[in-house]
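Peer 1:
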Amino acid sequence: MNHKIGLFIVCFFYIISASSQVGSPGIIGGNLLDEKSAAVSGATVELLPLADTSHLKRSTATSSQGEFSFTGLSFGYYRVRISYIGFKPMLIDSIHVREERFDFSLNDLLLKLNVTTELEEVVVYAEKPLIQSRDGNLTYNAAESPLSAGSNASELLKNVPLIATDPDGKLTVRGKEPKILIDDKPVELNAQQLQDFLESLPGSMIERIEVMTNPPPQYANEQGGVINIVTRKGRVGLGGRINVSAGTRGETGLSGNINYRRKGLAINFNAGTGLNKYNGYGYSKRENIYPDSSNFLQSSYNNINKSN
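Residue 1 is where the sequence shown starts when you use my numbering, and the numbers rise one by one after that.
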């Protein structure tokens, strides 16, 4: 009886915790740098709800990589105040956590040295439009999309104008195959490896997707233009994917992809193996009788093939 009561209490507590997470999915994070682009660790970061809300004030300190994050936030308006000895305080205002967008990455925030007695620097957070077009190039601001939190890069690309997928699964821009870049660096993968990589890259790690129909000079010969996937700065992440396949004749396959990213480091590893079994049998017989002579030709052939 006591075990049942204990189990009930644990289950009840779990349900309450899960419900709390579902009702408070908000995330606000960022990365703190000084004027030399070095990480600022140990800075105080305060999360301040607006006066007309009932949310409680929260605070944290930046990590050794200068990163900070607040999770489990309810919907509403917030401001972030950052302070560190020797630097001018910073206040980021008007961050609206809501159902349509609940994951905010403030990316790299630059602290300035406090050489005067000026008041804290106030920055009003301004959201970008989902799609921007300029000089024939298109930018899809994935960080502004509510789809980014629960999807992967492959799924996000399906929502980007000009990008399509051909019957073989290859990405195309206006019917032609583009050059793929990740953070301005070329990706040298075949179609299957690229698909595995994109499906293992979380959408929450992508800042924007740039579709360049008028690419820079170094990619001017790319008839399909360039797709540049820009990841969020300072976002640490480990992702991966495993594919298992099997056939009715004993074929088996195993492939996988693992990617890891942190500030200044990005690692992607692909591997695969397979086994193919095939048994084949063949028989042929040929008879020729030449009508203009008494010659007669008869031949037969048997063949057995096995492959593992």
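Using N, Cα and C, we set each Cβ at its ideal position, and we do this for glycine too.
From I15 to G26, what does the alpha carbon distance come to, in whole angstroms?
Peer 2: Reliability of the predicted coordinates at I15 is poor, the pLDDT of 36 falling under 50, and the value obtained from them is presented with this limitation in mind. One C-alpha to the other measures close to 19 Å.
Peer 1: For my contact list, L171 and I163 are in at a C-beta cut-off of 8 Å; report their separation, rounded to the angstrom.
Peer 2: About 6 Å separates the two Cβ atoms, so the contact holds.
Peer 1: Return the CA-CA distance between E155 and L201, expressed in angstroms with no decimal places.
Peer 2: Near 10 Å, if we compare the C-alpha coordinates of L201 and E155.
Peer 1: Straight-line CA distance for G150 to S204?
Peer 2: Those two C-alpha atoms are separated by around 7 Å.
Peer 1: Measuring CB to CB, does P161 end up less than 8 Å from I227?
Peer 2: Not closer than 8 Å, so no.
Peer 1: Which two residues bound the contiguous beta strand (DSSP E) that contains E144?
Peer 2: Neither: E144 is in no beta strand (DSSP E) and is coded neither H nor E.
Peer 1: Span of the alpha helix (DSSP H) holding S200?
Peer 2: S200 -> alpha helix (DSSP H) spans 191 to 200.
Peer 1: Quick one: measure Cβ to Cβ for V40 and G66, integer angstroms, because I've assumed they're closer than 8 Å.
Peer 2: The pair is a contact, with the Cβ atoms about 5 Å apart (cut-off 8 Å).
Peer 1: What three-state label does DSSP hand G66 in the structure shown?
Peer 2: In this structure, G66 counts as coil in the three-state DSSP scheme.
Peer 1: Give every residue of the same chain whose Cβ lies closer than 6 Å to the Cβ of L157, excluding the five residues on either side of it in the sequence, and list them in chain order.
Peer 2: Closer than 6 Å at the Cβ level, and outside the excluded window around L157, lie I163.
Peer 1: Roughly how many whole angstroms lie between the Cα atoms of E99 and T252?
Peer 2: E99 and T252: Cα-Cα distance of roughly 43 Å.
Peer 1: I need the boundaries of the alpha helix (DSSP H) containing L157, first residue and last residue.
Peer 2: Note, L157: alpha helix (DSSP H), 153 to 157.
Peer 1: Quick check on this structure: which residue in P49, F197, T62, E46 has the alpha carbon closest to the alpha carbon of L33?
Peer 2: Checked all of P49, F197, T62, E46; the closest Cα to L33 is T62.
Peer 1: Which of the three DSSP states is assigned to P217 in this structure?
Peer 2: Here P217 sits in helix by DSSP.
Peer 1: Just list the residues that DSSP pairs V35 with in beta bridges.
Peer 2: According to the sequence displayed, residue 35 carries Glu and not Val. Note: E35 sits in no beta bridge, so no partner.
Peer 1: Indicate whether L106 and I92 have their beta-carbon atoms separated by less than 8 Å.
Peer 2: In contact: L106 and I92 (Cβ atoms closer than 8 Å).
Peer 1: Consult DSSP for L111 and reduce its assignment to one of helix, strand or coil.
Peer 2: Of the three classes helix, strand and coil, the one that applies to L111 here is coil, per DSSP.
Peer 1: Which residue's Cα is closest to the Cα of R134: R79, Y219, P49, P215?
Peer 2: Considering only alpha carbons, the answer is P215.
Peer 1: Might you give, ordered along the chain, the residues of its own chain that have their beta carbon closer than 6 Å to the beta carbon of T60, omitting 5 neighbours on each side?
Peer 2: Closer than 6 Å at the Cβ level, and outside the excluded window around T60, lie V45, F68.
Peer 1: With a Cβ-Cβ cutoff of 8 Å, do S148 and I206 count as a contact?
Peer 2: In contact: S148 and I206 (Cβ atoms closer than 8 Å).
Peer 1: Once the 5 residues before and after N2 are set aside, which same chain residues still bring their CB inside 8 Å of it?
Peer 2: At N2, the pLDDT of 45 sits below 50, so the modelled position is not reliable; the number obtained from the coordinates is stated separately. No residues qualify anywhere along the chain.
Peer 1: Return helix, strand or coil for S24, following the three-state DSSP convention.
Peer 2: Reduced to three states, the DSSP call for S24 is coil.
Peer 1: Taking a contact to mean a Cβ-Cβ separation below 8 Å, would you say L109 touches G29 in this structure?
Peer 2: Contact flag unset, no.
Peer 1: Beta-carbon separation of L111 and Y84 under 8 Å?
Peer 2: Yes, these two residues count as a Cβ contact at 8 Å.
Peer 1: What does a CB cutoff of less than 8 Å around K176 pick up in its chain, not counting 5 residues either side in sequence?
Peer 2: Counting only Cβ-Cβ distances below 8 Å, and skipping sequence neighbours, we find Q223, G224, G225.
Peer 1: Using only alpha-carbon positions, find the residue among G169, P167, I229 that is nearest to V187.
Peer 2: Taking only the C-alpha atoms, the option nearest V187 is I229.
Peer 1: Could you give the distance in angstroms between the alpha-carbon of A142 and the alpha-carbon of R101?
Peer 2: If I take the Cα positions, the gap works out to 11 Å.
Peer 1: Within 10 angstroms of the Cβ of Q21, are there 16 or more other Cβ atoms? Answer buried if so, exposed if not.
Peer 2: Bear in mind that the predicted position of Q21 carries a pLDDT of just 42, short of 50, making it unreliable; the figure below should be weighed with that in mind. Looking at its Cβ environment, which holds fewer than 16 other Cβ atoms inside 10 Å, Q21 is exposed.
Peer 1: Have a look at Q192, Y219, P49 and flag the residue whose alpha-carbon is nearest the alpha-carbon of D168.
Peer 2: With distances taken between Cα atoms, D168 lies closest to Q192.
Peer 1: Thinking L198 and N137 are a contact (beta carbons under 8 Å), I'd like their distance in whole angstroms, please.
Peer 2: So it is not a contact: roughly 21 Å between Cβ atoms.
Peer 1: Give me, in chain order, the residues of the same chain whose beta-carbon lies closer than 6 Å to that of G356; leave out the 5 immediate sequence neighbours on both sides.
Peer 2: Residue 356 cannot be examined here, being either before or after the span of the chain that is shown, 1 to 308.
Peer 1: What's the call for Q195, buried or exposed, on a 16-neighbour Cβ count within 10 Å?
Peer 2: Q195 is buried by the Cβ-count criterion.
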